[in-house]
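Worksheet: one structure, shown below.
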Amino acid sequence: QCLLLKADTQQLGFHYQVWAVGYGQDLPVAMIEHGFVKRFANLVDLSRKDFFTASGQSFRPLAGFIDSGGGTIPGRPKHSRTAEVYDFCRKFRFFKPLKGRQIMELPWSVKRVDFYPSSVGKKVPIPGGLNLYTIHTTYYKNELDLKLQHEPGAAGAISLHAGVGRDVARQLTAEYRDERGHWQCPSGKPNHHWDIMVYGLALADIMGLKNKKRPVPETARTPRQASKRGGGFVNNY
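Residue 30 is where the sequence shown starts when you use the numbering used here, and the numbers rise one by one after that.
Have a look at this one:
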C-alpha cells in the first residue's frame, strides 16, 4: 500500500531502511533497502527516490520517521542532536521526529514542540508547528520479536532483500529481555537496524496502516463504487 522511510540518528550520519507495507491486520512488510548516509541532505534524496515494482510501477516513500537522539562514537563524549533533528524536520515536513520510552501507558503519544513566545508563561501552540512522537519501545519490540519468528512467506512475516547480510542479522538479535520483560542491549553490540524496525512498526501504527483496505480495481468496481472518490493516503497524522 505504501513505502515508509525510517532513520536512526548517529553522532555522524544515519542508518536507514525503506519498507514496502502491504494490506491487512498481519501488516506484511518487505524491507527493500537499507544503508548508511552521512548527511541530512542524503535523507531528503531518499525521500524523493523512485522505487519500482517488478511490473515497473513506481513508488516514493509516503512518510518518514527520524529519531531525535544521536548515538555514540567510541572514545568520544556523547552529545544530543535533538536540536539538529528538530530543525531538519521543520524544514522538511516529510520527516517526523520520534523518541522512545521503555514504559508508557499507550503504544504511542504525540505532543506539540513549537509554541509562540509568551511573557506570562502560557504556552500558545503555533499552528502547523512541529510535533514529537513518543513510542512505547517495549510494546513495539515485543511485536517485532513475534514478527521475526514467522517463517518466510507466512502471514505477518518481515521479508528482507537479498543484500541483507550477517551484520544486519546480528543487529536484529543483539537485544534480550531481562527479568522484568524490558529489552536490553549489551554494551558494544550495535542494534541500529533493530531500532529502525521498531520505528517502522510504530509509524505503521500511527498512520493506521493495518486498517487500510485494498483498493478495488477499476475494472472490478460496481457503478456505485466507481462513483465514490477513492483515495491514497493523506499525510496528516
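Virtual Cβ for every residue (Gly too), placed ideally from N, Cα, C.
What you are looking at is a predicted structure, and each value in this text was computed from that prediction instead of being measured.
Close CB contacts of Leu-32 within its chain, under the 8 Å cut and outside five residues either way in sequence, are with Val-47, Trp-48, Ala-49, Val-50, Ile-61, Phe-80, Phe-88, Arg-89, Pro-90 and Leu-91 (chain order). Here Ser-97 is near Pro-126, since their CB atoms are less than 8 Å apart. Check the Cα spacing between Leu-201 and each of Lys-128, Asn-71 and Ile-187: the tightest is with Ile-187. Counting only unbroken stretches of 3 or more residues, the beta strand (DSSP E) elements lying wholly within the stretch 64-129 are 90-96, in sequence order. Contact between Tyr-162 and Val-142 is absent: CB atoms are separated by about 10 Å, not below the 8 Å threshold. Within its own chain, the residues whose Cβ lies closer than 7 Å to the Cβ of Asp-234, once the five positions on either side in sequence are excluded, are Pro-136 and Trp-137, listed in chain order. Taken through DSSP and simplified to helix, strand or coil, Lys-151 comes out as coil. In the three-state reduction of the DSSP assignment, Arg-199 falls in the helix class. Closest in alpha carbon position to Gly-217, among Arg-209, Ala-203 and Gly-210, is Ala-203.
DSSP, reduced to helix, strand and coil, places Ala-184 outside both helices and strands of the structure shown, so it counts as coil.
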